[in-house]
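Residue numbers (the UniProt record's numbering), protein chains in the order written: chain A, 1 to 402; chain B, 1 to 85.
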Amino acid sequence: MRRVVITGAGTINPLGHDVATTLEAMREGRCGIGPLDIRDVDRLQIKIGGQVRDYDETAHFNRQQITLYDRFTQFALLAAREAIGQSGLQFDGALGDKSGVILGTSGGGLTTQDENFRAVYEEGKNRVHPFIVPKLMNNAAVSQVSMEWNLRGPSFTVATACASSNHAMGQAFNMVRCGMATAMVTGGSESMLCFGGIKAWEGLRVMSKDGCRPFSANRNGMVQGEGAGVFVFEDRDHAMARGAEILCEVVGFAMCSDASDIVMPSKEGAARAIAGAVADAQIPTNAVGYINAHGTATAANDKTECAAVRDVFGTHADDLMISSTKSMHGHLIGGTGAVELLACIMAVRDGVIAPTINYEQPDPECALDVVPNTAREAKVDVAISNAFAFGGLNAVIALRTA
Amino acid sequence: MNTQDKVVAIIAEQALMDPSDIKLTDTPEMLGIDSMGLVESIFGIEEAFDIIVPFNANEPSESDFDISSVAAIVKAVERLVAAQA
Numbered sequence: 001m002r003r004v005v006i007t008g009a010g011t012i013n014p015l016g017h018d019v020a021t022t023l024e025a026m027r028e029g030r031c032g033i034g035p036l037d038i039r040d041v042d043r044l045q046i047k048i049g050g051q052v053r054d055y056d057e058t059a060h061f062n063r064q065q066i067t068l069y070d071r072f073t074q075f076a077l078l079a080a081r082e083a084i085g086q087s088g089l090q091f092d093g094a095l096g097d098k099s100g101v102i103l104g105t106s107g108g109g110l111t112t113q114d115e116n117f118r119a120v121y122e123e124g125k126n127r128v129h130p131f132i133v134p135k136l137m138n139n140a141a142v143s144q145v146s147m148e149w150n151l152r153g154p155s156f157t158v159a160t161a162c163a164s165s166n167h168a169m170g171q172a173f174n175m176v177r178c179g180m181a182t183a184m185v186t187g188g189s190e191s192m193l194c195f196g197g198i199k200a201w202e203g204l205r206v207m208s209k210d211g212c213r214p215f216s217a218n219r220n221g222m223v224q225g226e227g228a229g230v231f232v233f234e235d236r237d238h239a240m241a242r243g244a245e246i247l248c249e250v251v252g253f254a255m256c257s258d259a260s261d262i263v264m265p266s267k268e269g270a271a272r273a274i275a276g277a278v279a280d281a282q283i284p285t286n287a288v289g290y291i292n293a294h295g296t297a298t299a300a301n302d303k304t305e306c307a308a309v310r311d312v313f314g315t316h317a318d319d320l321m322i323s324s325t326k327s328m329h330g331h332l333i334g335g336t337g338a339v340e341l342l343a344c345i346m347a348v349r350d351g352v353i354a355p356t357i358n359y360e361q362p363d364p365e366c367a368l369d370v371v372p373n374t375a376r377e378a379k380v381d382v383a384i385s386n387a388f389a390f391g392g393l394n395a396v397i398a399l400r401t402a
Numbered sequence: 001m002n003t004q005d006k007v008v009a010i011i012a013e014q015a016l017m018d019p020s021d022i023k024l025t026d027t028p029e030m031l032g033i034d035s036m037g038l039v040e041s042i043f044g045i046e047e048a049f050d051i052i053v054p055f056n057a058n059e060p061s062e063s064d065f066d067i068s069s070v071a072a073i074v075k076a077v078e079r080l081v082a083a084q085a
């Protein structure tokens, strides 16, 4: 089996329009959540979110491209440009044939759907733009990235709600590991901060009206975000041979299904995925120094996740650090695992642990070191990133210092 | 149908019971209504009375809407309807 390394990273999210800005925001514990600036916000009960601010699509794409690119595709393309640019790879000839794209998303072109349903139902129009289907389809981002970079190998989209990105990156990891691909462009993208997208979540009554406070006793729900994270996963020998800068190694991945409830998380399922990723990495559990939590700030997730961590790590649970960066960027749903992987890279590469901000009151059911409010310097060899989706689908990925 | 009968009918539908079997002292738990059932009941109440019910499933007891019993729910709905009038 081949070893797999990350040779490029890119992002655009509520904390910044690139990796450097995002990591700086995480180090400073900055919050990217604020009042939503969208159409009909006055008809929503939930009026906050992690929006990508100061974004001008015309600065990056021409008119024909914008006609075809939903906001989630734009985010994916921009993050991919940064990641592939950093990797220095050129996907021409045989390398293009052996390299592909796997991205996660949950809503795909939901904003495009929202706008066009408005047009036909609310405004009574009988005609929509000819490219609505190629713009809204969930695989639009994957296909556009593959076209922009000549990535002609295995490519598809993964949709497993909040675990989409982790499932996507897990697939990419295993494809490079088994020799099916030389390099994979992978991560996830999401943009569902439109009226219909938030209205649907609002109905579930799990959203916070005033902020995301993971693990804090006074937490009262999740806050949605938007954006993308994209990485280049590459065969380590290939990367070494060309003298590429290696950000870190991907060492383990596991996924499983709770097979129990469509919305309530399961401690056993979460624990199986975490333990599975550690076992896949062939490391002892006490090698894990940092966990980027799923940490949604719902009552149910945070206590279940902490209990699962305690089950897997035993007394080592008191020695490791676990933080939820959703407190800063919100829950990017299908793109969240990708942006959160940046915090894991920062931990194993830079020795900086991103904090859980907005932490106000200890919760005895979340009694772990959640790195409250302030980033910390610490040497970490292995970091894992948790994602536990609605529908009980769990995916955990493990990174190690290069 | 008065407010109480309408609320009881909505709760009975979620509980898969006959409205006549619902007692005002019953709690949602006693009627076998879980968190998803509760959220659906509140949606039903909002639709039936054209009101907005302040309810967050993360902190049901903190919400400004008492769900401790059927009687409490009826009273809370009456208060919201009155506030709207």
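Ideal Cβ positions, reconstructed from N, Cα and C, are used throughout, including at glycine.
{"query": "Mapping DSSP to helix, strand and coil, what is residue 450 of chain A?", "result": "Coverage of chain A is limited to positions 1 through 402, which leaves residue 450 of chain A absent and any answer about it impossible."}
{"query": "Against chain B, does residue 142 of chain A count as a neighbour if the rule is that its beta carbon must be under 8 Å from one of theirs?", "result": "no"}
{"query": "Among all the DSSP beta bridges, which residues are the ones paired with residue 183 of chain A?", "result": "A/99, A/234"}
{"query": "Give the DSSP-derived three-state secondary structure of residue 86 of chain A in the structure shown.", "result": "helix"}
{"query": "So, helix, strand or coil for residue 35 of chain A, using DSSP?", "result": "strand"}
{"query": "Taking only beta-carbon atoms, is residue 55 of chain B less than 8 Å away from chain A?", "result": "yes"}
{"query": "Going by CA-CA distance only, name the one from A/389, A/321, A/202 that's closest to residue 262 of chain A.", "result": "A/389"}
{"query": "Which runs of the alpha helix (DSSP H) fall wholly inside the stretch 35-75 of chain A and span at least 4 residues, in chain order?", "result": "63-68"}
{"query": "Less than 8 Å separating the beta-carbons of residue 321 of chain A and residue 395 of chain A?", "result": "no"}
{"query": "Does residue 59 of chain B get closer than 8 Å to chain A when you measure Cβ to Cβ?", "result": "yes"}
{"query": "Is residue 136 of chain A helix, strand or coil by DSSP?", "result": "helix"}
{"query": "Where residue 240 of chain A and residue 256 of chain A are concerned, what is the direct C-alpha to C-alpha distance, given to the nearest angstrom?", "result": "33 Å"}
{"query": "At a cut of 8 Å, does the stretch 300-316 of chain A reach the stretch 267-276 of chain A through at least three beta carbon pairs?", "result": "yes"}
{"query": "Cβ of residue 204 of chain A less than 8 Å from any chain B Cβ?", "result": "yes"}
{"query": "Here's a check: name, in chain order, each residue in its chain whose Cβ is nearer than 7 Å to the Cβ of residue 458 of chain A, leaving out the five neighbours to either side.", "result": "With chain A covering 1 to 402 only, the question about residue 458 of chain A has no answer from this structure."}
{"query": "Nearest CA to the CA of residue 138 of chain A: which residue from A/126, A/106, A/128?", "result": "A/106"}
{"query": "Please name the residue, chosen from A/98, A/35, A/65, A/306, that lies closest to residue 179 of chain A on a Cα-to-Cα basis.", "result": "A/98"}
{"query": "Does the beta-carbon of residue 292 of chain A have 16 or more other beta-carbons within 10 angstroms, so that it is buried, or is it exposed?", "result": "buried"}
{"query": "Given a cut-off of 8 Å on the beta-carbon distance, is the pair residue 229 of chain A and residue 341 of chain A in contact?", "result": "yes"}
{"query": "Indicate the three-state DSSP secondary structure (helix, strand or coil) for residue 399 of chain A in the structure shown.", "result": "strand"}
{"query": "Let's see if you can read the secondary structure: which residues bound the alpha helix (DSSP H) around residue 36 of chain B?", "result": "35-49"}
{"query": "Name the chain A residues whose beta carbon is nearer than 7 Å to that of residue 36 of chain B?", "result": "263"}
{"query": "Which residue wins for smallest C-alpha separation from residue 208 of chain A, given the options B/51, B/58, B/34?", "result": "B/58"}
{"query": "DSSP state of residue 157 of chain A, grouped into three classes?", "result": "strand"}
{"query": "Please list the partners that residue 219 of chain A has in chain B, where partner means a Cβ-to-Cβ separation under 9 Å.", "result": "58, 59"}
{"query": "Between residue 336 of chain A and chain B, is any beta-carbon pair separated by less than 8 Å?", "result": "no"}
{"query": "According to DSSP, residue 377 of chain A sits in a beta bridge with which residue or residues?", "result": "A/352"}
{"query": "List the residues of chain C whose Cβ lies closer than 8 Å to the Cβ of residue 299 of chain A, in chain order.", "result": "This model lacks chain C altogether; the protein chains it does include are A and B."}
{"query": "In the structure shown, what three-state DSSP assignment does residue 248 of chain A receive?", "result": "strand"}
{"query": "Could you tell me the distance, in whole angstroms, from the CA atom of residue 53 of chain A to the CA atom of residue 217 of chain A?", "result": "30 Å"}
{"query": "Quick one: residues in its chain with C-beta nearer than 7 Å to the C-beta of residue 36 of chain B, no 5 flanking neighbours on either side, listed in chain order?", "result": "none"}
{"query": "Determine, using beta carbons only, whether residue 7 of chain A and residue 339 of chain A come nearer to each other than 8 Å.", "result": "no"}
{"query": "Out of A/360, A/171, A/92, point me to the one whose CA is closest to residue 148 of chain A's CA.", "result": "A/92"}
{"query": "For residue 77 of chain B, which residues in chain A fall below 8 Å Cβ to Cβ?", "result": "The premise fails here: residue 77 of chain B is roughly 16 Å from chain A at the closest Cβ pair, so nothing lies under 8 Å."}
{"query": "Between which residues of its own chain and residue 55 of chain A is the CB-CB distance below 8 Å, once the five residues before and five after are set aside?", "result": "12, 17"}
{"query": "Alpha carbon to alpha carbon, what distance is there between residue 66 of chain B and residue 295 of chain A?", "result": "28 Å"}
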